[in-house]
């Protein structure tokens, strides 16, 4: 069966520091991968998605970036964190090029606090 | 552009009772998919149920069922025999080929009273 991991689970970082959040998927090949952010009490905002190694699409311009160095690894990064980067970050995966197989399954999330 | 609206920010239900959460959406596509996700206090998003728009039959998963009204663009979630563990934020979501993105509503916070 497929599983998705995210780490760290929680992170407290000072403003201006770098960021690296990691997401890995097991039990499937060539998944579509997604990064979402959820601010407190609000819905999910899609940040990046990837349909293959090295293929990244950005949805929201910001100081965050994403990379996919391996088939089942998705990394969210920042060179300098802002206070507004605080939130709950969720990684998700799906398979397929359309249809119900594109159901997205989510990881446990990372709670990021920027002070 | 596709939008998803959840007009009930909060709902409450007594344990063992039935509750219905509302969701409406706007789209010009004829083929799409709809989902309900649950987000408990742990904040992990859990898929509850999904519906293909081309299927007339409403999806059912154990105590969870949907009322899909395609013409009205309505997709409500019914939870039967509510349990304490059902307390969570519930998100309605839309997926269509035009955007290739999952579009979420703003969520409904469900409280289950013992």
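Residue numbers (the numbering used here), protein chains in the order written: chain A, 1 to 115; chain B, 1001 to 1114.
Built from N, CA and C at the ideal position, the CB exists for glycine as well.
Under the Cβ criterion of 9 Å, residue 1020 of chain B is not counted among the residues facing chain A. Excluding five sequence positions before and after residue 20 of chain A, the CB atoms of its chain that fall closer than 7 Å to its own CB belong to 75 and 77, given in chain order.
For the 9 Å CB-CB criterion, residue 1053 of chain B and residue 1032 of chain B form a contact.
At least one CB atom of chain A sits nearer than 9 Å to the CB of residue 1100 of chain B. Beta-bridge annotation (DSSP): residue 26 of chain A is paired with A/3. Assigned with DSSP and collapsed to three states, residue 115 of chain A falls in coil, not helix or strand.
In this structure, DSSP gives residue 1047 of chain B an extended state, which the three-state scheme calls strand. About 12 Å separates the beta carbons of residue 112 of chain A and residue 15 of chain A, which is beyond the 8 Å limit, so they are not a contact pair.
With a cutoff of 9 Å on beta-carbon distance, residue 33 of chain A and residue 92 of chain A are scored as near each other. Interface with chain B (9 Å Cβ-Cβ cutoff): residue 92 of chain A is included. Following the DSSP letters along the chain, one finds residue 77 of chain A inside the beta strand (DSSP E) bounded by residues 73-78. Closest in alpha carbon position to residue 1061 of chain B, among B/1047, B/1072, B/1028 and B/1055, is B/1047. 1042, 1043, 1044, 1045, 1046, 1047, 1050 and 1052: these are the residues of the region 1040-1067 of chain B whose beta carbon lies less than 8 Å from some beta carbon of chain A, given in chain order. Excluding its 5 nearest sequence neighbours in each direction, residue 54 of chain A has C-beta neighbours in its own chain below 7 Å: 68, listed in chain order.
A buried status is given to residue 1093 of chain B, since no fewer than 16 other beta-carbon atoms sit within 10 Å of its beta-carbon. Taking C-beta atoms as the reference points, residue 1075 of chain B and residue 1025 of chain B count as a pair closer than 9 Å. A check of alpha carbon separations from residue 64 of chain A across A/24, A/5, A/26 and A/86 identifies A/86 as the nearest.
Against chain B, the CB of residue 52 of chain A has no partner CB under 9 Å away; the residue lies outside that interface. Judged by DSSP in its simplified three-state form, residue 52 of chain A adopts strand. Taking a contact as a CB-CB distance under 8 Å, the pair residue 1111 of chain B and residue 1012 of chain B counts as one, their CB atoms being some 5 Å apart. Taking 8 Å as the upper bound for CB-CB distance, residue 72 of chain A and residue 31 of chain A are in contact here, some 7 Å apart.
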